[in-house]
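Take a look at the structure set out below.
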Amino acid sequence: AEQKHKEARFELALKHSEGITANKKHNTPELPKSFNKAINLLNELTNEEYAPAMRETARLYLEQKENRTTASTKTAYKYLLKAVKAEDAAAMRILADCLYRGTGCKKDLTKMIYYLKLAAQKGDLKAQAKLAFCYENGIGIKPDFKATFLHHKNAAEQGHALSQVKMGDHSISGEFTNQDLKAGIEWYKKALSKNNPLAFYKLALFSLQGIGTAVNEEQAFEYLLKSSNLGYSKAQ
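Numbering (this note's numbering), first residue to last: 4 to 239.
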């Protein structure tokens, strides 16, 4: 970063924005979280037209709940538009979120869907899952449950946890795919590795009731506890 390497400066900015805890095993010190240091580095890169920096600058401005102003949200929206022109898929998805809420711009669900589709086409997993949600609930687009299934399937196969849970649901119900309880459970188990609270909850119920597995109350309790600690109210 000190030698002005773009990718290194960008990664350092992300570390400043997130902070790093000390690791005694590897003898590495703590890196305190610093919004100002992150923004300073990102602003340098933004001035150099580096698209990922434009997107992350916008994201940081948008995540500042207490200090966020109308001016900062408009600046974030402007940076996102620039990043989108540079074909940054994640920026397209965040821009869609702004259009959904009317953050830094006028609310526009048609444009929201347009940018979500662009991001999904470029392989952004979160955009694919969000697009599936829009198709399922008719947000900005006509409801299409087959399209919901296909977008969740694509995202699930690439590792998106919530879409993996949805694919588990589809496998168990047999909607748009072959009914297969074993396959459904395997989809839920894949989502466990990402600490998805809904996957823990569903597998807890299966262990409790002996669905697709032997009754195991201890396992059910463990899964419910994990889901609860992750904030899922039904598990609590």
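All C-beta atoms in this analysis are idealised placements derived from N, C-alpha and C, irrespective of residue type, glycine included. Keep in mind it's a predicted model, so treat the numbers as computed, not measured.
**Study point:** T73 versus N46, G105, T49, A86, residue with shortest Cα-Cα distance
**Key:** G105
Point to revise | E160 to A122 span [Cα, whole Å] | key: Distance between the alpha carbons of E160 and A122 is about 17 angstroms.
Review point. Do you know how far the Cα of Y103 is from the Cα of S245?
Key: In the structure displayed, the chain extends from 4 to 239; residue 245 sits before or after that span and is not available.
**Study point:** Buried/exposed call for P55, threshold 16 Cβ in 10 Å
**Key:** Buried is the call here.
Exercise for review: Would you mind sorting K109 into buried or exposed? The rule is 16 or more other CB atoms within 10 Å of its CB.
Suggested key: exposed
Point to revise | Exposure of P32, with buried meaning 16 or more beta-carbon neighbours within 10 Å | key: exposed
Exercise for review: Tell me, please, which residues DSSP counts as bridged to L34.
Suggested key: I23
Review point. D147 to K88, Cα distance in whole Å?
Key: 29 angstroms
**Study point:** Close beta carbons around G171, own chain, < 6 angstroms, minus the five adjacent residues each side
**Key:** Leaving aside the five residues that flank G171 on each side, the residues in its chain whose CB is nearer than 6 angstroms to its CB run, in chain order, G187, W190, Y191.
Review point. Short check: CB of L195 to CB of G215, under 9 angstroms?
Key: Judged by beta-carbon spacing, G215 lies beyond the 9 angstroms limit of L195, meaning their Cβ atoms are not closer than that value.
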